[in-house]
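Just below is one structure, and these are the notes that go with it.
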Amino acid sequence: MTRLSRLKPALMACAAGLSLMATHPAAAAGAVDSARLLELMVSKGLVTRQEADGLIAEASVAPAAQPAAAQPVPAGGVHDGVQTIPYVPQVVRDQLKSELRAELGTQAEAQGWSAPGQTPEWTRRVTLSGDLRVRGEAVFMDDANSDIFEDFEAINRGGGQNINDRTSGYVAPPYINTQEDRRRARIRARLGVDVRIDDWISAELRIATGNDSSPVSTNQTLGGSGEFGKYELWLDRAAIRLAPVKDVSLAFGRFGNPFWTSELLFDDDLNFDGVALSGSHRFGQNLQVFGTAGAFPIFNTSLNYGSRNAAAGQGRAFKSQDKYLAAAQLGLNYHPTPRLGLKASVGYFYFDGVEGKVSSPCYWYEQACDTDATRPVFQQFGNTLFPIRSIIANPNDPTGSPEVQYFGLASAYEVLNLRGQVEYALSDRKVARLEGDFVKNLALDDALVAARAVNNLGPMTSATTFGPWAGGDTGWSTRLTVGNVDIAERGDWNVMLGYRHLESDAVLAAFTDSDFHLGGTNNRGWSVGGNIGLGRNTVAGFRWLSAEEIADAPLSVDRLLVDLTTRF
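Residue numbers for the sequence shown follow our numbering, beginning at 1230 and rising by one.
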């Protein structure tokens, strides 16, 4: 029972008395407005509307007849020289005001309307954040580039490619542009909401722009929809985080990269679906150990996969071809002196089910073969591929029978990642940082890949014969950065210089850097860049990326990226 509830009988009695006094002219002069008091009590829930109406009705009844001997009180409220004034003791009035003020103050504080500028409690548990980037991009193709690179990503997204050029009506495959320079303006917009549900429970939502559902880019090309058409927004993150004990957290859903990696392995825009467990522990003031482990679905087979086909009675469901990533990383962060910091990690990333599989015998007329789902849904340039369909030709026309193919990854992927960083503080906010990264695909079988590869081949040995497979399983990179690591204020700056060498099958091309070369693997080259703060959380910067292909025909690509970014 609240204090206002305990005061209800007294307040109703006072209101009734004031209502009755209002029927006497002598009492009405200077009296409290009883109707307004009753309305206030109704609005605060002290009395119901029915109770208030009842009090007013009682006050409206004619007063009882006065004794005959009694003389009417004059208009001035004076009788026999005595003026009649209704009286409520001061102590009662003070007590009523004090308790009413205290109760209303408590309610106002809880609901957040007690003081200007204050917000309700729930809003203080919600944090909005976001960023907006406008980019000018120029892509320069070398004059000596070859033009023989099929667009396998387009083939695998579409209906496949007939590789028998003797078929009647044969159509050549789509090719990647390696000859013409391109220029474009792009934007990236991201808006996120973080909500603290409890001391140890939080949730995250983020939406972002993007030309398509690519996992490694949220860039939207201006003019891409034509005639000022609007652009799509994508669900970029949606996660629940639990922190049951100090320095340990669990993430469920779709969230940012939980591992300490560079773009040699995972693009900065890549988010992960699944569950991740992260933790850290300090040993004294100078040493911290950290680690992360998780399981992440990469591809989930459609419920109706393989349930239709061309010939009557041949429709049947195919075996699931799900793909997963299981990964773990352990690292340390050590500060031998206040200015010097060392950081290192080792990680193992096992990609299950990503290697293409050869199908069961599949007739030339069938629309689906039982391993079609093993082809990559999304891919970038670089990984070695092979045709996955085992096609049975038309016996009536074996030479001209179509052979429509999809292309799967020729290798399995189990990636070992070693990363290190040395950072020296030049001042309070400026540093010199040297980073190094190494990756190796432990699962690559050179003989198997070489026997079935259709790309990443060596120089041609004749006018019609390509050389042997020339890909590889190793990659490394290094980068030097000087200046402010986090540019947050006007005048902050940094410059960087880097080099990388990433062989064709060292990592999964779908998830690595999307800006260098054509995006993906099988490239090497330099990068240089710089940034300067124009104002609070507003940065202008540029990067020049110069890269060439390692294996296969000549393909050199330079890119200039000029960015204006603000965040909040």
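Ideal Cβ positions, reconstructed from N, Cα and C, are used throughout, including at glycine.
Taking C-alpha atoms, which residue in G1759, S1775, A1776 and L1774 lies nearest to V1768?
Here residue 1768 refers to the residue found at position 539 when the sequence shown is read from its first residue. Taking only the C-alpha atoms, the option nearest V1768 is G1759.
For S1691, count neighbouring Cβ atoms within 10 angstroms of its own Cβ and tell me buried if that reaches 16, exposed if not.
Here residue 1691 is taken as the residue at index 462 of the sequence shown, counted from 1. Exposed.
Which ranges would you report for the beta strand (DSSP E) in the region 1521-1565 if only whole runs of at least 3 residues count?
1552-1563
Nearest-angstrom Cα separation, counted from T1603 out to V1587
Against the sequence shown, residue 1587 aligns to sequence position 358. Against the sequence shown, residue 1603 aligns to sequence position 374. Answer to the nearest angstrom: the Cα atoms are 9 Å apart.
Simplified DSSP state of P1254, which is helix, strand or coil:
Looking up residue 1254 in the sequence shown gives position 25. For P1254, the predicted model reports a pLDDT of 46, less than 50, meaning its position is unreliable and no value from the coordinates is stated.
Could you check whether the region 1624-1642 touches the region 1404-1424, counting it as contact only if at least three pairs of C-beta atoms, one from each stretch, sit closer than 8 Å?
no
Which listed residue (G1649, R1417 and V1678) has its alpha carbon closest to that of G1665:
For this step, residue 1665 is matched to residue 436 along the sequence shown. Comparing Cα-Cα distances from G1665 to each of G1649, R1417 and V1678, the minimum goes to G1649.
Taking E1382 as part of the beta strand (DSSP E), name the residues at either end of that continuous run.
Start at 1 with the first residue of the sequence shown, and residue 1382 comes out as number 153. Careful: E1382 lies outside any beta strand (DSSP E), inside the alpha helix (DSSP H) at F1381 to R1386.
In angstroms with no decimal places, state the Cα-to-Cα distance between P1254 and G1283.
Locating residue 1254 in the sequence shown gives position 25, where the first residue counts as 1. Locating residue 1283 in the sequence shown gives position 54, where the first residue counts as 1. Reliability fails at P1254, whose pLDDT of 46 lies under 50, so the model's placement of it is uncertain and the value that follows must be treated cautiously. One C-alpha to the other measures close to 22 Å.
Quick one: Cα of S1478 to Cα of G1508, how far?
Taking the sequence shown and counting its residues from 1, the one referred to as residue 1478 is at position 249. Taking the sequence shown and counting its residues from 1, the one referred to as residue 1508 is at position 279. Approximately 6 Å between the Cα atoms of the pair.
So the candidates are R1796, R1415, G1439 and R1658; which of them puts its Cα closest to the Cα of R1568?
Working through the sequence shown from its first residue, we reach residue 1568 at position 339. Looking at the Cα atoms, R1658 is the closest of the given residues.
Those runs of the beta strand (DSSP E) which lie wholly inside the region 1447-1486 and span at least 3 residues
1463-1471 and 1477-1485
Give the single residue among W1351, Q1608 and T1795 whose Cα lies nearest to the Cα of R1719.
Residue 1719 sits at position 490 when you count from the first residue of the sequence shown. Selected option, being the one with the closest Cα: T1795.
Among residues of its own chain, excluding the 5 on either side of T1356, which ones have a beta-carbon nearer than 6 Å to its beta-carbon?
One-based indexing of the sequence shown puts residue 1356 at position 127. The residues are D1423.
Enclosing alpha helix (DSSP H) for L1677 [first to last residue]:
Locating residue 1677 in the sequence shown gives position 448, where the first residue counts as 1. From DSSP, the alpha helix (DSSP H) with L1677 extends over D1675 to R1681.
By a C-beta neighbour count over all protein chains shown, 10 Å radius and 16 as the cutoff for buried, is I1430 buried or exposed?
Along the sequence shown, one-based indexing puts residue 1430 at 201. Burial call: exposed.
Pick out the complete beta strand (DSSP E) segments inside the region 1730-1771, 3 residues or longer, and give them in chain order.
1752-1764
Buried/exposed call for M1689, threshold 16 Cβ in 10 Å:
Position 460 of the sequence shown holds residue 1689. So M1689 ends up on the exposed side.
Compare the C-alpha of S1775 against each of I1761, L1737 and H1730 and name the closest.
In the sequence shown, residue 1775 corresponds to position 546, counting from 1. Out of I1761, L1737 and H1730, H1730 has the C-alpha closest to the C-alpha of S1775.
Return the first residue and the last residue of the beta strand (DSSP E) that R1662 is part of.
Here the question's residue 1662 lines up with position 433 in the sequence shown. It spans K1659 to N1670 - the beta strand (DSSP E) in which R1662 sits, taken as one unbroken run.
Using only CA atoms, which one of E1366, Q1324 and Y1534 lies nearest to R1417?
Working through the sequence shown from its first residue, we reach residue 1417 at position 188. When only C-alpha atoms are compared, the closest one is E1366.
Within 10 angstroms of the Cβ of A1699, are there 16 or more other Cβ atoms? Answer buried if so, exposed if not.
Stepping through the sequence shown from its first residue, residue 1699 is reached at position 470. A1699 comes out buried.
What residue does the beta strand (DSSP E) around T1703 start on, and which one ends it?
Numbered from 1 along the sequence shown, position 474 holds the residue referred to as residue 1703. First-last of the beta strand (DSSP E) with T1703: T1703 to N1713.
Check whether D1612 and L1638 have beta carbons under 8 Å apart
As a working note, residue 1612 is residue 383 in the sequence shown. As a working note, residue 1638 is residue 409 in the sequence shown. Looking at the sequence shown, residue 1612 is not Asp but Asn. Yes, these two residues count as a Cβ contact at 8 Å.
Taking G1458 as the reference, give the member of I1469, S1358, N1440 and D1498 with the closest Cα.
The residue you call residue 1458 lines up with position 229 of the sequence shown. Closest by alpha carbon: N1440.
Along the chain, where does the beta strand (DSSP E) containing A1373 start, and where does it finish?
The residue given as residue 1373 occupies position 144 in the sequence shown. It is not in any beta strand (DSSP E) - A1373 carries neither H nor E in the DSSP assignment.
So, using beta-carbon positions, are F1610 and G1748 closer together than 8 Å?
By 1-based counting over the sequence shown, the position of residue 1610 is 381. By 1-based counting over the sequence shown, the position of residue 1748 is 519. Yes, the Cβ-Cβ distance between F1610 and G1748 is below 8 Å.
Whole-angstrom distance between I1620 and E1778, CA atom to CA atom:
Numbered from its first residue, the sequence shown carries residue 1778 at position 549. Numbered from its first residue, the sequence shown carries residue 1620 at position 391. When rounded, the distance between both Cα atoms is 32 Å.
Got a sec? Which residues, its chain only, sit under 6 Å from L1671 by beta carbon, not counting five neighbours each side?
Residue mapping note: residue 1671 aligns to position 442 of the sequence shown, counting from 1. If we look at L1671 and ignore the five residues flanking it on each side, its Cβ neighbours are E1643 and L1645.
What number of angstroms, rounded off, separates the C-alpha of G1523 from the C-alpha of F1578?
Mapped onto the sequence shown, residue 1523 falls at position 294. Mapped onto the sequence shown, residue 1578 falls at position 349. Those two C-alpha atoms are separated by around 10 Å.
So what's L1784 in DSSP terms, helix, strand or just coil?
For the purposes of this step, residue 1784 is identified with residue 555 of the sequence shown, where counting begins at 1. The answer is coil: DSSP assigns L1784 none of H, G, I, E or B.
Beta bridge counterpart(s) of M1725 as assigned by DSSP:
Translated into positions along the sequence shown, residue 1725 becomes position 496. Answer by DSSP bridge pairing, in chain order: T1710 and G1758.
Measuring CA to CA, which of L1506, K1572 and C1598 is closest to A1556?
For the purposes of this step, residue 1556 is taken as residue 327 along the sequence shown, with counting starting at 1. Among L1506, K1572 and C1598, the Cα nearest to that of A1556 belongs to L1506.
With DSSP as the reference, please indicate the residues paired to N1391 in a beta bridge.
The residue given as residue 1391 occupies position 162 in the sequence shown. V1633.
Less than 8 Å between the beta carbons of F1636 and P1444, yes or no?
Translated into the one-based positions of the sequence shown, residue 1636 becomes position 407. Translated into the one-based positions of the sequence shown, residue 1444 becomes position 215. The answer is no: Cβ separation not under 8 Å.
Which residues does DSSP pair with Q1650 in a beta bridge?
By 1-based counting over the sequence shown, the position of residue 1650 is 421. K1572 and E1664, per the DSSP bridge assignment.
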